[in-house]
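Report on the structure given below.
In the working numbering, the protein residues as written are 4 to 258.
Here it is, written out as structure tokens:
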């Protein structure tokens with residue numbers, strides 16, 4: 004594994020064109036003195052120090068169709084938690100799943116992927132829909148490498164909240180969007196991080212975000228997902244295939 008300094012130099016070479024390989028996106032997450040209140044509203048001072056990521060693009064890369072609605076995220080941290088926030092434009096707030104660890108991407112959702120040491124093994128996934136229903140799991144390695152998931156695994160102590168600008172499951176009006184706020188304890192990842200957890204200032208982790216967006220129809224006053232619908236996948240750092248389980252393309256987050 005590269006040291007954090009070597010990783011950052013490597014990213015810089017990619018960005019400057021020193022390598023023909025696609026360059027993952029980068030982000031500097033500020034350390035905060037006071038934690039935000041997890042209410043989904045993003046009004047706390049902690050968030051004012053954290054920049055927004057670039058707007059999400061299609062999972063296959065910038066040459067594909069531009070997403071219909073803007074999605075962006077931000078991160079900050081303290082010695083207890085990693086904090087993630089997302090802001091999503093959405094004219095049709097819709098959700099159906101209410102049971103924890105349901106397959107949340109069958110609804111529109113927001114997803115977080117974390118590989119602390121960047122080795123493409125023992126990484127973590129988190130999903131949440133507009134109803135605040137969560138799913139989390141641990142992968143031993145990517146599916147294309149014969150990987151298996153453990154849905155029994157949880158981010159122990161995770162806290163989340165969703166705030167909506169509009170009305171959920173009401174097609175009679177046009178909504179504005181929704182925001183997500185998540186606090187993930189470092190302790191929930193420490194057993195398999197294989198690196199300092201919590202990180203030390205200057206450390207770099209591999210992280211990515213995804214938004215799954217389904218087409219909807221309005222039938223008799225209700226949102227309906229067409230039977231043979233195909234979802235859009237909008238991401239922070241592109242994967243260049245419809246596959247979020249390519250950790251080598253996840254973003255570099257510097258703490």
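We put the beta carbon where it would ideally sit given N, CA and C, even for glycine. Computed from a predicted model, the values in this text were never measured in an experiment.
With 16 other Cβ atoms within 10 Å as the buried cut-off, status of residue i
i           : result
residue 126 : buried
residue 248 : buried
residue 27  : buried
residue 149 : exposed
residue 189 : buried
residue 36  : exposed
residue 48  : exposed
residue 69  : exposed
residue 174 : buried
residue 120 : buried
residue 250 : buried
residue 66  : exposed
residue 220 : exposed
Selection from the options that minimises the alpha carbon distance to residue i
i           : options            : result
residue 61  : 250, 25, 258, 244  : 244
residue 58  : 238, 242, 253      : 238
residue 98  : 132, 155, 76, 185  : 132
residue 234 : 134, 213, 224      : 213
residue 135 : 120, 115, 146, 184 : 184
residue 103 : 194, 163, 242, 50  : 163
residue 78  : 138, 94, 101, 51   : 51
residue 215 : 194, 246, 224, 65  : 246
Cα-Cα separation, residue i to residue j
i           : j           : result
residue 166 : residue 222 : 26 Å
residue 118 : residue 176 : 40 Å
residue 226 : residue 182 : 21 Å
residue 16  : residue 122 : Confidence is the limiting factor: at residue 16 the pLDDT is only 42, short of 50, which leaves the residue's position unreliable and the question unanswerable from this model.
residue 160 : residue 112 : 21 Å
residue 76  : residue 55  : 6 Å
residue 124 : residue 146 : 11 Å
residue 143 : residue 224 : 43 Å
residue 31  : residue 53  : 8 Å
residue 63  : residue 236 : 9 Å
Beta-carbon proximity list for residue i, same chain, < 8 Å, skipping 5 on both sides
i          : result
residue 92 : 72, 73, 74, 179, 180
Other residues of its chain near residue i: CB distance less than 7 Å, five sequence neighbours each side excluded
i           : result
residue 12  : Note on residue 12: pLDDT 43, under 50, position unreliable in the model; the coordinate value appears next. The answer is none, since no qualifying residue turns up.
residue 218 : 229, 232
residue 240 : 27, 28, 211, 252, 253, 254
residue 140 : 128, 152, 153, 154, 156
residue 202 : 208, 258
residue 45  : 88, 182, 184
Same chain, Cβ closer than 6 Å to residue i, neighbours up to 5 away in sequence not counted
i           : result
residue 114 : 130, 213
Inter-stretch contact (C-beta, 8 Å, three-pair minimum) for the segment 204 to 220 and the segment 155 to 171: No, because fewer than three Cβ pairs between the segment 204 to 220 and the segment 155 to 171 fall closer than 8 Å, the two stretches do not touch.
Inter-stretch contact at 8 Å, needing at least 3 Cβ pairs: the segment 102 to 115 / the segment 192 to 199: When C-beta atoms of the segment 102 to 115 are compared with those of the segment 192 to 199, fewer than three pairs fall below 8 Å, so the two segments do not count as touching.
Inter-stretch contact (C-beta, 8 Å, three-pair minimum) for the segment 78 to 96 and the segment 39 to 49: Yes, since at least three Cβ pairs between the segment 78 to 96 and the segment 39 to 49 fall closer than 8 Å, the two stretches touch.
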